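In terms of numbering that gives the first Met the number 0, the sequence shown has 30 at position 31, counting the first letter as 1, and numbering is strictly consecutive. Inspection log for the structure reproduced underneath, given as structure tokens.
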Amino acid sequence: MRLLNTKTYRATRYRICAQDHRKRGQVAGPGHRKIIKACDFARSRKAKWIWIDTCCIDKKSSQELSEAINSMYDWYKGAAECYAYLADVPATRGRWTDEILSDFKRSVWFTRGWTLQELIAPLFVVFCDSAWEIIGVKESANNILLSQPGSIGPLGTLNAVLSQITGIPELVLGDATERSRYSVAQKMNWAADGQNTRAEDTAYCLLGIFSINMPLLYGEREKAFVRLQREIMNSTLDESLLAWRTEEAYDLVPSPAFDSLTSNKRYLALLATSPAAFKHCQNVSRHRIGIAGAPRFLLAAAGLIQFCPDERSMIYQIEKKTYAIVLGCTYRTPSTNSDEWERDACCLVVSAVACGHLRRVHLAGSVQDNPLLFPKITPTHTMRLYLHSVEKDADQC
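Structure representation (structure tokens):
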């Protein structure tokens with residue numbers, strides 16, 4: 000890990016070019032000026048060393064880049080404090096107004112995919128405006144916005160504002176370990192709107208969130224996110240990973256609507272192509288259906304995923320070679336009779352294709368509410384279903 004000296008602007012293992020350019024009389028670019036300002040700001044807060052991703056990683060070294068990205072979450076977690084520089088937020092002069100709050104919420108910083116771990120992992124995140132004045136500090140408790148001295152005012156706590164902007168629960172913003180309370184689908188939901196310059200970073204920026212380590216393969220594009228999901232499936236029993244849904248398949252009504260779905264099937268991959276597929280999954284929580292400790296979805300060869308039902312598994316026959324598998328997760332919906340929430344099952348509808356394996360068709364609600372319409376299948380120990388994990392033509396294996 001390379002660190003930058005906040006006084007000399009030099010790294011521990013190689014020199015940062017910003018200092019040399021200033022010596023030669025060359026005009027430093029915006030990136031160099033930001034590095035110098037970051038060092039000056041850190042030094043004003045008694046920090047001797049700082050890590051900046053733009054200059055403390057030798058991106059020409061694939062080994063160093065892979066180590067940095069796989070370790071980044073832990074580095075943020077172990078930092079004394081982290082700085083979030085919001086260049087598009089005008090100088091606040093230590094005061095909050097409705098206009099400044101609006102600028103803060105619209106900052107492009109919150110749209111970045113990498114922002115998720117930068118918000119969650121550190122204990123302290125110091126937010127700075129374009130003039131490097133402190134806007135506020137995200138910390139584990141008492142996250143008070145810097146409105147007027149000694150007053151919280153109508154703006155509330157910084158964690159509340161950050162939660163409103165990002166969808167990350169205040170509980171997680173206050174304590175990163177609390178993310179274990181939330182399902183895989185909910186964590187993916189936090190990243191649903193994240194934007195990345197490179198397609199692969201859609202997966203790589205989430206490694207720390209899911210405590211996953213895997214090699215980087217720039218050039219694989221969307222395959223990186225599929226690879227991440229397979230790693231997650233290999234490390235957890237949480238079946239909410241499969242509870243994503245697209246707009247075309249967003250119909251969670253347990254009804255004969257299956258008639259139209261199965262007569263004109265639109266085959267989907269079992270795994271999602273990006274976190275955006277989890278945009279509607281903020282209320283999907285895990286709920287183990289089978290026997291504790293026994294995974295039901297296992298990675299198999301040739302991009303297949305094997306479903307191994309146990310005696311508690313619920314499988315329903317929709318039509319010939321089309322099944323609804325009740326996943327180990329539930330989703331919350333507003334109750335029609337009260338202000339409370341109701342929980343319903345997530346059912347994965349799969350159908351056989353030409354090769355004999357199964358493809359995802361739909362995500363549905365509680366088909367078990369219709370025992371006459373959809374008969375239940377009694378699973379056996381020898382029953383095995385193989386599902387395609389990635390997008391292929393319906394007649395290809």
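Ideal Cβ placement from N, Cα and C applies to all residues, glycine included. If you're wondering where the values come from, they're calculated on a predicted model, not measured in any experiment.
Alpha-carbon to alpha-carbon, Thr156 and Glu138:
10 Å
According to DSSP, is Ser284 helix, strand or coil?
strand
Could you tell me whether the stretch 344-355 touches the stretch 315-323, where touching means 3 or more Cβ pairs closer than 8 Å?
Contact holds: three or more Cβ-Cβ distances are below 8 Å.
Range covered by the beta strand (DSSP E) that runs through Leu298
296-298
Beta-ladder partner(s) of Ile133, from DSSP:
In the DSSP output, where bridge partners are listed per residue, Ile133 has Cys127.
So the alpha helix (DSSP H) Tyr75 belongs to, where does it begin and stop?
Membership of Tyr75 in the alpha helix (DSSP H) is indicated by the continuous run 61-77.
Between which two residues does the alpha helix (DSSP H) holding Arg229 run?
222-234
Does the structure place the stretch 72-85 close enough to the stretch 118-125 that three or more beta carbon pairs sit under 8 Å?
yes
If you run the structure through DSSP and keep just helix, strand and coil, what is Ala83?
strand
Unbroken beta strand (DSSP E) run spanning Ile51, endpoints
No beta strand (DSSP E) contains Ile51, which DSSP labels as neither H nor E.
Any chance the stretch 160-169 sits against the stretch 82-94, with 3 or more Cβ pairs inside 8 Å?
These segments do not touch.
Say whether the stretch 263-279 touches the stretch 183-192, bearing in mind that this needs 3 or more beta-carbon pairs closer than 8 Å, one atom from each stretch.
Judged by Cβ distances under 8 Å, the stretch 263-279 makes contact with the stretch 183-192, as three or more pairs qualify.
Any chance the stretch 306-322 sits against the stretch 226-243, with 3 or more Cβ pairs inside 8 Å?
no
Could you please give the first and the last residue of the uninterrupted beta strand (DSSP E) stretch that includes Phe306?
303-306
Rounding to the nearest angstrom, what Cα-Cα distance links Leu240 and Ile49 in this structure?
36 Å
What residue range does the beta strand (DSSP E) around Ile119 cover?
It is not in any beta strand (DSSP E) - Ile119 instead sits in the alpha helix (DSSP H) that spans 114-119.
Compute the distance between the beta-carbons of Cys81 and Glu132, then report whether it is under 8 Å.
no
Range of the contiguous beta strand (DSSP E) that encloses Leu157
No beta strand (DSSP E) contains Leu157, which is instead part of the alpha helix (DSSP H) from 157-165.
Looking only at DSSP bridge pairs, what is Ala122 linked to?
Per the sequence shown, residue 122 should be read as Leu rather than Ala. Paired residues: none, contrary to the question.
Please state whether DSSP places Arg42 in a helix, a strand or coil.
helix
Backbone CA spacing between His279 and Lys47 [nearest angstrom]
44 Å
Identify whether Asp343 lies in helix, strand or coil by the three-state DSSP scheme.
strand
Segment limits, alpha helix (DSSP H) that includes Ala183
Reading off the sequence, residue 183 comes out as Val, not Ala. Residues 183-189.
Return helix, strand or coil for Leu270, following the three-state DSSP convention.
coil
Decide if Asp52 is buried, meaning its Cβ has at least 16 other Cβ atoms within 10 Å, or exposed.
exposed
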